[in-house]
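Counting with my numbering, you get residues 1 to 190 for the letters of the sequence shown. We treat Cβ as the ideally placed atom computed from N, Cα and C, and that holds for glycine. Remember, predicted model here, so these are calculated numbers, not experimental data.
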Amino acid sequence: MYRLGAAETETLKTSDRILDFDLSAELDHGIVVSNLAYEVALEMGLEESVCYELAIAGMLHDIGKLRLTEYINGREKDPLLIEELKYVRMHSTLGYEELKGQGYSEFVLESILYHHENYDGTGYPENLAGEEIPIGGRILRVCDVFAALSSDRPYRTAFDVATVVELMIDEIKNFDMEVFLAFQRVIHKK
Ligand SMILES: [Fe+2]
């Protein structure tokens, strides 16, 4: 059975390292998350209009990373991971602030703001737990991790679907079980 190295474990806990930022890869990631979030929401029986809103949120969920580049300019040589993580953790709030007032629904905005909250309360930005986390955030959390692990990264190749699911089960505390089960049904239909 495949075991995670420290760097890979980190991808489950946080987003990818900001120094790996690559706009084309981010767009590809947004498309995968968008499509999957739509299907998972549909599988959960959410209204179709809500599923479309989630598709929008899935496309835009990491848009705050664009703002992050302003914060890391000139810091590229700073190797301190802790600093890096501090800035990475700002991206969900920065994305929310960027899109607020631009006509997006509160559902889309909250889904983006809370897409790194963990079901057990260990996520960010607000350490929300369980159903305190808006459903859109809980769905994006699962889809985001799946999309990240099942695509190539500069420091590793993509994991196969069975391995990704195994890795996610190891971190099941992060996910809403109802969402996770719907997600599993969706990927096994493919
Ligand atoms: Fe993110």
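Exposure label - residue i; buried when at least 16 CB within 10 Å
{"i": "A57", "result": "buried"}
{"i": "I172", "result": "exposed"}
{"i": "A162", "result": "exposed"}
{"i": "G95", "result": "buried"}
{"i": "P154", "result": "exposed"}
{"i": "G64", "result": "buried"}
{"i": "M168", "result": "buried"}
{"i": "D160", "result": "exposed"}
{"i": "G137", "result": "buried"}
{"i": "D176", "result": "buried"}
{"i": "L128", "result": "buried"}
Cβ-Cβ distance between residue i and residue j below 8 Å
{"i": "V164", "j": "F183", "result": "no"}
{"i": "V40", "j": "C143", "result": "yes"}
{"i": "M109", "j": "S92", "result": "Note that residue 109 is Leu in the sequence shown here, rather than Met. Against a cut-off of 8 Å, the Cβ pair of S92 and L109 comes out as no contact."}
{"i": "A148", "j": "H29", "result": "yes"}
{"i": "L66", "j": "Y87", "result": "no"}
{"i": "N174", "j": "D120", "result": "yes"}
{"i": "A37", "j": "I135", "result": "no"}
{"i": "S105", "j": "E47", "result": "no"}
Per-residue DSSP class, three states only, for residue i
{"i": "R89", "result": "coil"}
{"i": "G130", "result": "helix"}
{"i": "K13", "result": "With a pLDDT of only 46 at K13, under 50, the local geometry of the prediction cannot be trusted, and the value read off the model is given with reservation. DSSP places K13 in helix when its eight states are reduced to three."}
Neighbourhood of residue i by C-beta distance below 7 Å, restricted to the same chain and skipping five residues each side
{"i": "L23", "result": "none"}
{"i": "E98", "result": "I63, G64, R67"}
{"i": "G130", "result": "Y119"}
Own chain residues within Cβ distance below 6 Å of residue i, not counting five before or after
{"i": "E43", "result": "A182, R185, V186"}
{"i": "I133", "result": "Y114, E117"}
{"i": "S151", "result": "A158"}
{"i": "A55", "result": "S34, Y38"}
{"i": "S111", "result": "A57, G136, G137, L140"}
Close beta carbons around residue i, own chain, < 8 Å, minus the five adjacent residues each side
{"i": "R89", "result": "T14, H116, Y124, P125"}
{"i": "V33", "result": "G58, M59, H61, L140, C143, D144, A147"}
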